[in-house]
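Engineer: Have a look at this one.
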Amino acid sequence: SLMVVGLFCGLLIRLIYLAERQRSVFSRVYGYGVASVIFFHFFINVGMTIGLVPVIGIPLPFFSYGGSSLWAFTLLLFIFLRLDTERTQVIA
């Protein structure tokens with residue numbers, strides 16, 4: 001479980017770092033939004049496990065069983081990564 005927490009912390013730090021590097025306001029806000037959604041889901045799941053928050057049916061990003069949540073989190077992340085690749089492309 002410590003490894004999963006470490007992976008999520010690393011992912012969140014990397015997403016915030018990538019959001020800071022964006023040139024357009026839309027890409028920056030989208031990056032912060034992706035990081036916020038993943039942080040919220042992760043925090044609620046850890047809180048439910050520890051017993052700090054009531055148990056609700058919110059999926060753990062990239063780990064919970066269910067196609068729609070996995071699909072949605074993957075799309076969120078890949079759209080942001082696509083926006084990040086456009087940042088590095090040179091327009092000729």
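Each residue of the sequence shown is one higher than the last, beginning at 1 in the working numbering.
Heads up, the beta-carbon is just placed ideally off N, CA and C, and yes, glycines get one too.
In this text the structure is predicted, and so the values were computed from the model without any measurement.
Following the continuous alpha helix (DSSP H) through ILE16, name the residue where it begins and the one where it ends.
Structural biologist: Your numbering for residue 16 matches position 16 in the sequence shown. Looking at the DSSP string, the run of the alpha helix (DSSP H) that includes ILE16 is 2 to 20.
Engineer: Go to ARG28, then tell me how far its alpha helix (DSSP H) extends in each direction, as first and last residue.
Structural biologist: On the sequence shown, residue 28 is found 28 positions in, with the first residue counted as 1. Start and end: 25 to 50.
Engineer: Could you give the uninterrupted runs of the beta strand (DSSP E) lying entirely in the region 57 to 90, keeping only those of 3 residues or more?
Structural biologist: Qualifying beta strand (DSSP E) stretches: none in this window.
Engineer: Between the region 22 to 39 and the region 47 to 54, are three or more C-beta pairs nearer than 8 angstroms?
Structural biologist: no
Engineer: Which same chain residues, not among the five before or five after ARG14, have their C-beta less than 8 angstroms away from its C-beta?
Structural biologist: Counting from 1 along the sequence shown, the entry for residue 14 is found at position 14. Nothing listed; no residue qualifies.
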